[in-house]
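Peer 1: Take a look at the following structure, please.
Protein chains: 2
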Amino acid sequence: MEKVREIVREGRRVGKEDPRRVVHAFKVGLALALVSSFYYYQPLYDNFGVNAMWAVMTVVVVFEFSVGATLGKGINRAVATLVAGGLGIGAHHLASLSGTTVEPILLAIFVFVQAALSTFVRFFPRVKARYDYGVLIFILTFALISVSGFREDEILDLAHKRLSTVIMGGVSCVLISIFVCPVWAGQDLHSLLASNFDTLAHFLQEFGDEYFEATEDGDIKEVEKRRRNLERYKSVLNSKSNEEALANFAKWEPRHGQFRFRHPWKQYLAVGALLRQCAYRIDALNSNINSDMQIPMVIKKKLEEPLRRMSSESGKSMKEVSISLKKMTKPSSFDIHVVNSQSACKTLSTLLKSGILNDVEPLQMISLMTTVSLLIDIVNLTEKISESVHELASAAKFKNKTKPSKSDSGSIVRAKPNKSHDDDDDDHVVTILGDVGTSNNVDQSHGEISVDSCHHVAIKIDDDDSIPEKHEDGDIHVHTSRVSCEHTNASDLLNSGVKKN
Amino acid sequence: MEKVREIVREGRRVGKEDPRRVVHAFKVGLALALVSSFYYYQPLYDNFGVNAMWAVMTVVVVFEFSVGATLGKGINRAVATLVAGGLGIGAHHLASLSGTTVEPILLAIFVFVQAALSTFVRFFPRVKARYDYGVLIFILTFALISVSGFREDEILDLAHKRLSTVIMGGVSCVLISIFVCPVWAGQDLHSLLASNFDTLAHFLQEFGDEYFEATEDGDIKEVEKRRRNLERYKSVLNSKSNEEALANFAKWEPRHGQFRFRHPWKQYLAVGALLRQCAYRIDALNSNINSDMQIPMVIKKKLEEPLRRMSSESGKSMKEVSISLKKMTKPSSFDIHVVNSQSACKTLSTLLKSGILNDVEPLQMISLMTTVSLLIDIVNLTEKISESVHELASAAKFKNKTKPSKSDSGSIVRAKPNKSHDDDDDDHVVTILGDVGTSNNVDQSHGEISVDSCHHVAIKIDDDDSIPEKHEDGDIHVHTSRVSCEHTNASDLLNSGVKKN
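First to last, the protein sequences are chains P and S.
Under my numbering, the residue at position 106 of the first sequence is numbered 106, and the numbers go up by one with no gaps.
Under my numbering, the residue at position 432 of the second sequence is numbered 933, and the numbers go up by one with no gaps.
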C-alpha cells in the first residue's frame, strides 16, 4: 500500500515537472488504439494478414516525445525498410538461382556479411548520431526478407506489405505527433537556452548581496529558499547531452512557428557551450562565497563596488539576452551592460594597483583573488556569449526590435568581432580590463594593455617596456573612438549605466 | 571514389580506436546467421511458422556491445513478453465475453489505457534508467496479442510461440556475447577509471616542467606532441555519461574475473565524480599555464619548490591509485604522496606569510594566486579521492598487496576519514594546509588552523583569537601522533619522500 502511494506520488511529480508528458502518454495511447483497430477489423486484416502487426510495431517503436525524434525515427524506418527490402529480394533471388543445396549456405553468408558490416557502421560517430535506428531496421528487414523461405512472388508480396504497413504506422505517428499538441524539439531547445540564461543571470544579480551582506540566521526557511533559488544554476552544468539530443531532433523538424527548416541549431550548441563554461565559473564562485565568509568584511568591502558591479552588470546582460531570446528579437547591437561590467573591471584594476590590499594576509589573499579572478573570467565570458548570441540572432534571422529598449544605445554600430583569438572553447585565461585612465602606471607593472576591436580588453604582462607603449596608444584610440559615439568618455558611460538602474 | 576512400579511412579509424568493435560486428553476424538458418530450415519453420521471425528480431534488437547491455535487454524483453502476453490473453478473454459489438471497443480502450499508462511510466527516472526497453516491449506485446483477432486457443498458441522464439533469440545472443570474446561493461568501467587516473597523474607530474621552464621554440613538432599528451586529460571532463551507462550495464553482469555479481559499481561513479572535479581544476590550471606565461619567471620561481611538489606529489598519488586499480589490489593504506603534497602546501603557506610576494603587481598577483588556489584545491581533492578509492577497495574486497610497495609505510593504520564535512560533491573551497611550525603567527592572521583526523588540514580565518589557540593544540597533537609512528617530524617525512623519488 505504501509502495503504491509512493508510485502515485512519483507519478504526480513527473507529471508536474512537464505536463506535456501526460499529453504524450495520451497521444501514444490514441495512436496505438487507432492502428490496433485497423489491425482488428477484418477487411484490412484480410488484405495484410499478419503483416498488419508491423503497423502496431511501428507505432510503438517510432512514437517519441518530440516531433523531431518521431520524424527522424519514422523516416529512418521507412527508408531502411525500403532499401533493405529491395536488397533482401535481390539476395533471395541470387541464392535461389544456385540450387537447393547451396542456397541456405549462400543466404547465411549474405546475412552474416550484411549484419557484420552494418553493425560495424553503427560505430561511426556520424551514423550513430542520426541514422543508428535506420541501420538497425536495415539489418532486421534484410534478414527477415532474404531468409523468409517463401517462393519469390510471395516474397515480393511480403516486402510490399511490410513496407506499406510500416508506412501506415509511421504516418499515423507523425500526423498525431504534429497535429495533436505538438512538442517541438526546436522550440524546447530554444526555451532551454533562454531559461539557462535566466538562471545564470539570477545568480549573478544576487551574488553581490550574498557575498557582501552578512547573513542573519533569522528566518532559516527564508535563507534556504534563497539558496535553493541561487543554486538553480546547477542544472546548467549538465545540460550538454540534453542540448545535443534536442539539436539532433530539431534538425528533422519542418518549419514551425518562427523556426525555419534549416534553423541554425548548431549555433545554439555553441552558445550553450559558452554558457556552460560560465556556469562552471559560477559554480566555483558559489563555493567561494562560503569559504570567503571567513574573510573579514572590512577587507571584502574594499572591493565591493567594482565586484558588485561586475557581477550585476554581467547578470543584466544575460537577462537581456534571455528576454530577447524569448521574444525572438535581435538583442541590442551594442550591449551597454557588457561595457559597464568591463569598466567595473577597470575600476577594480585601478583599485588593486593602488595597493589597497597590501596589508591583507596571504591566505586571505588567495581566497579573495580567486573570487576576483573568477568574476573577471565571467565578465570576459559574458562578452563572448554576447557575441555568440549576436551571431545566432543574425543566422536565425530574428527580427529587429520594434521599439528599442531603454538601454539600447541604438546609433552605435557594433564592431565585427575579431575571430582570430578566443576561439578555443576551453580557455580559462585570466585577462583583465586595462585602465585607460592610468596608462602611465603601466610601465611600473611591466604590462601591456590592449583593447581589441570587439571591446575585449586584455592585459599581457611583459618585461619589455618599450613595445607596449606604442601598442597601447593605438588601442586606446580604438576604444575611445567607439565609446565617444554617444558618450564623451568611459566614466560618463559608466554613470549613465548606473543611473538607469 | 574519394567518398569511398574517406569511408574506408573512417572505418579504419573506428576499428583502430577499439578493435573489439570489429569482433562485435562479427559476433552479431554470427548470431544472426545462426538464428536465420533456424528460421530457414523447414522443420523448425513448420513448428513456429512466421513466429520464427521473432527470433531474428530479438537478435537484431537485443545484441549489444557489452555483456551487461545484452543481458539487460534480453531479460527485459523476455520478462516483458511473458507478462504482457499473459495480460494480453486476459484482456482478449474479457473482451470476447462481452459480445461482438462491444468487443472491438473494449479492446481499443484496453490498448489505449495500457499504452498511455506504460508510456507515462517510461518517464519515471528509475524506470528510464533500467527498464525502458522492457516497458516498450510490454506495450508492443500487449497490443499485438490482445487485438490479434484470432480465436482464443490460437492466441494461446501465438503467445506461447512468441515467447519461445523470443527466448530462443535472446539466449543465442547472451551465449555468444558471453562465450565469444566477451566485452564486460564492468571491466570497461574499471579500466576507464584506472586510465582516467593515469591521464590526470600524467598532467600533474608534468605540470612543474611546463609551468616553470621557459619553452624553447626549437622543435615545434616535439612541443605540440607534448601538449597533446598533456591535454589527454580533456577526455575525463566529459566521462560522466559514459561512466553512468557502463555502471548501469555492469549491474546486469554475472560474476566475471575478479568482479562479483554485486560489485560496488556505484562507488566507481563516486570516485569518477571526484576525479572529474579534479579534472575541471586541471583544465583551469592548463589555461592558466598560458596566461601565467606573462608573469616574469623571477616571480614564479619564488614559489617553484612548493608548487612543483604539490602537483607532482598529487600526480604520484594518482599514479599509485591507477596502478593498484589495474592490479586490483588495495592501495597503500597510508598514502605518503598525499602527506607530501600537503606538507608542500604548508611550505607554500609559510612562504606566502613571509611576505615573499609583497612587491608583486596586483594583476600578476591575481593570475598567480589563481594558479596557487587551483593547486591547493587539487591537493585537497587528491586526498578526498584517495579516501574514496579506499572505500571502493574495501567495498570491492580487493586483495591486499603481497609485497608492500616502497612508499608504503605499512605499520601506520590509516585513520577513519571524518565523514561530517566535505560530503558536498561540488565544493570548491579554498582551504590551505596550516603551517604547524609557525603557529605563533596565527594570532596575527586571525586564523585558525585545524588538522582533522583524515589529515585534511583547513584554515578557518576568524576574527576571534582566543578559540583557535585551543583548537589548534588538540589538532597538532593528532597530527604529530600520527606522523611520529615512523618519522620523528613532518620535515623528516618530507625528506624521506623526496629521497625516494
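Where a beta carbon is used, it is the ideal one built from N, C-alpha and C, also for glycine.
Note that the coordinates shown come from a computational prediction; the quantities given were computed from them, not determined experimentally.
1) At a CB-CB cut-off below 8 Å, which residues of chain P make contact with T871(S)?
2) So, with DSSP's three-state summary, where would you put H594(S)?
3) Below 8 Å, how does it come out for the stretch 842-852 of chain S and the stretch 737-748 of chain S: are there three or more Cβ pairs, yes or no?
4) Tell me the rounded alpha-carbon separation between R5(P) and V614(S).
5) Can you list, in chain order, the residues of its chain with a C-beta nearer than 6 Å to that of A143(P)? Leave out the 5 residues immediately preceding and following it.
6) I want to verify the contact list: residues of chain S whose CB lies under 7 Å from the CB of S349(P), in sequence order.
7) Using a C-beta cutoff of 7 Å, does Y634(S) count as contacting chain P?
8) Does the beta-carbon of S855(S) have 16 or more other beta-carbons within 10 angstroms, so that it is buried, or is it exposed?
9) Look at the alpha carbon of V568(S) and the alpha carbon of F750(S), and state the distance between them as a whole number of angstroms.
10) Could you work out which residue in Q706(S), N859(S), R777(S) is closest to H838(S) when comparing CA atoms only?
11) So with CB distances below 7 Å, who are the chain P contacts of P605(S)?
12) Could you work out which residues of chain P lie near S665(S), taking near to mean beta carbons separated by less than 8 Å?
13) Can you tell me whether P863(S) is buried or exposed, with buried defined as 16 or more other CB within 10 angstroms of its CB?
14) Specify whether the stretch 688-702 of chain S and the stretch 784-804 of chain S touch according to this definition: at least 3 beta carbon pairs, one from each stretch, less than 8 Å apart.
15) Take the Cβ of A596(S) as the centre, count every other Cβ of all protein chains shown within 10 Å, and call the residue buried at 16 or more, exposed below.
16) Return the chain-ordered list of same chain residues with a C-beta closer than 8 Å to the C-beta of K801(S), the five sequence neighbours on each side being excluded.
17) Count the other CB atoms within 10 Å of the CB of R782(S); is the residue buried (16 or more) or exposed (fewer)?
18) According to the Cβ coordinates, are D31(P) and S164(P) closer than 7 Å?
19) Would you check if there are 3 or more beta carbon pairs closer than 8 Å linking the stretch 815-834 of chain S to the stretch 734-743 of chain S?
20) Please report the residue range of the alpha helix (DSSP H) in which I220(P) lies.
21) Answer with yes or no whether the minimum CB distance from T119(P) to chain S is below 7 Å.
22) Determine the DSSP secondary structure at H263(P), reduced to helix, strand or coil.
23) Please work out which residues of its chain come closer than 6 Å, Cβ to Cβ, to N697(S), disregarding the five sequence neighbours upstream and downstream, and give them in chain order.
24) Using a Cβ-Cβ distance cut-off of 7 Å, determine whether K384(P) contacts chain S.
25) Going straight from the alpha carbon of T70(P) to that of G169(P), what length do you get?
26) Does chain S have any CB closer than 7 Å to the CB of M566(P)?
27) Might you give, ordered along the chain, the residues of its own chain that have their beta carbon closer than 8 Å to the beta carbon of A585(S), omitting 5 neighbours on each side?
28) Any beta carbon from chain P within less than 7 Å of A630(S)'s own beta carbon?
29) Name the residues in the stretch 280-308 of chain P whose C-beta lies less than 7 Å from a C-beta of chain S; which are they?
30) V523(S) to V880(S), Cα distance in whole Å?
31) Beta-carbon of I656(S) versus every beta-carbon of chain P: anything under 7 Å?
32) Output needed for A270(P): all residues of its chain with C-beta closer than 7 Å, excluding positions within five of it in sequence on either side, in chain order.
33) CB-CB under 6 Å to V840(S), same chain, minus the five flanking residues each way: which ones, in chain order?
34) In chain P, what lies closer than 7 Å to K854(S) by C-beta?
35) With a Cβ-Cβ cutoff of 7 Å, do F124(P) and A526(S) count as a contact?
36) Kindly say whether A748(S), judged by its beta-carbon, lies nearer than 7 Å to any beta-carbon of chain P.
Peer 2: In short:
1) What T871(S) touches in chain P, judged by beta-carbon distance under 8 Å, is M369, T370, S373, V430, going in chain order.
2) Reduced to three states, the DSSP call for H594(S) is helix.
3) Cβ pair count under 8 Å is below three, so no.
4) Cα to Cα, R5(P) sits roughly 20 Å from V614(S).
5) Counting only Cβ-Cβ distances below 6 Å, and skipping sequence neighbours, we find V111.
6) By Cβ distance, chain S contributes L864.
7) Under the Cβ criterion of 7 Å, Y634(S) is not counted among the residues facing chain P.
8) By the Cβ-count criterion, S855(S) is exposed, with fewer than 16 other Cβ atoms from all chains shown falling within 10 Å of its own Cβ.
9) V568(S) and F750(S): Cα-Cα distance of roughly 8 Å.
10) Of the candidates Q706(S), N859(S), R777(S), the one whose C-alpha sits nearest the C-alpha of H838(S) is Q706(S).
11) Going along chain P in sequence order, the residues near P605(S) (Cβ under 7 Å) are S37, Y40.
12) For S665(S), there are no neighbours in chain P by C-beta distance under 8 Å, as the nearest C-beta there is about 17 Å away.
13) With 16 or more Cβ atoms within 10 Å of its Cβ, P863(S) is classed as buried.
14) No: fewer than three Cβ pairs fall under 8 Å.
15) With a 10 Å radius around the Cβ and a threshold of 16 neighbouring Cβ atoms, A596(S) comes out buried.
16) Scanning its chain for C-beta atoms nearer than 8 Å, with the 5 sequence neighbours on each side dropped, one finds around K801(S) the residues Y712, F713, D793, L869, in chain order.
17) R782(S) should be labelled buried.
18) According to the sequence displayed, residue 31(P) carries Ala and not Asp. Result no, Cβ atoms of A31(P) and S164(P) do not sit closer than 7 Å.
19) Counting Cβ pairs under 8 Å, fewer than three are found: no touch.
20) First-last of the alpha helix (DSSP H) with I220(P): 220-230.
21) True, the Cβ-Cβ gap to chain S drops below 7 Å.
22) In this structure, H263(P) counts as coil in the three-state DSSP scheme.
23) Excluding residues within five positions, the ones whose Cβ falls inside 6 Å are V737, L776.
24) Interface flag for K384(P) against chain S is unset, since no Cβ pair is found closer than 7 Å.
25) Roughly 12 Å between the two C-alpha positions.
26) This structure leaves residue 566(P) out entirely; chain P is present only between 1 and 501.
27) Excluding residues within five positions, the ones whose Cβ falls inside 8 Å are I638, F639, I640, L641, T642, F643, I646.
28) At a cut-off of 7 Å between beta carbons, A630(S) makes no contact with chain P.
29) Interface annotation for the stretch 280-308 of chain P against chain S: Y280, D283, A284, S287, N288, N290, S291, Q294, I295, P296, criterion Cβ-Cβ distance under 7 Å.
30) Whole-angstrom Cα-Cα distance: 41 Å.
31) Interface residue (Cβ-Cβ distance to chain P less than 7 Å): I656(S) is not classified as such.
32) Excluding positions up to five away in sequence, the list reads S388.
33) No residues qualify anywhere along the chain.
34) Here the neighbours are P362.
35) In this structure, F124(P) sits away from A526(S), with a CB-CB distance that is not shorter than 7 Å.
36) Contact of A748(S) with chain P is not assigned, every C-beta pair being separated by 7 Å or more.
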